[in-house]
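A quick write-up on the structure given underneath.
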Amino acid sequence: DLGSGRVLLDTSDTYTGTPLFMAPEIICGGQYTKDCDIYSMGSVIFMLCARYAAHSTAKSIEDLQGLKQERVDLSSIRENYSEVLVNAIDSMMMP
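Whatever position you read off the sequence shown (first residue = 1), add 739 for the numbering used here.
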């Protein structure tokens, strides 16, 4: 969360963070679950491998809502990283 995190007793209605790394359910106004953290972690790992964010073409929240319903294209990292890592990222970033 790069410093935007805080301690809250009830986080079910509170959303903070960078939209490019948010889980699809949060972008679309859904409830926060532990799966949201897994999606975000997959987004960060993808960016570290690819050197760009998975949904970097999005220009607005509406763009992100559409893009995040699709599977992430992992072709840019397949040739440089193990199949185990690519599959882990794919599993973490399932819409």
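We put the CB at the ideal spot given by N, CA and C, even for glycine.
Item, Value
"Burial state of Leu741, where buried means 16 or more other Cβ atoms lie within 10 Å", "Low local confidence applies: a pLDDT of 49 at Leu741 is under 50, so the model's placement there is unreliable, with the coordinate-based value given in what follows. Classification of Leu741: exposed, given that the 10 Å Cβ count is below 16."
"Same chain only: Cβ atoms within 7 Å of Cys775, ignoring 5 sequence neighbours per side", "Ala762, Glu764 and Ile765"
"Separation of Arg817 from Ser830, as counted between CA atoms", "14 Å"
"Cβ neighbour criterion (16 or more within 10 Å) applied to Tyr791", "exposed"
"Pairwise C-alpha distance: Ala789 and Tyr778", "16 Å"
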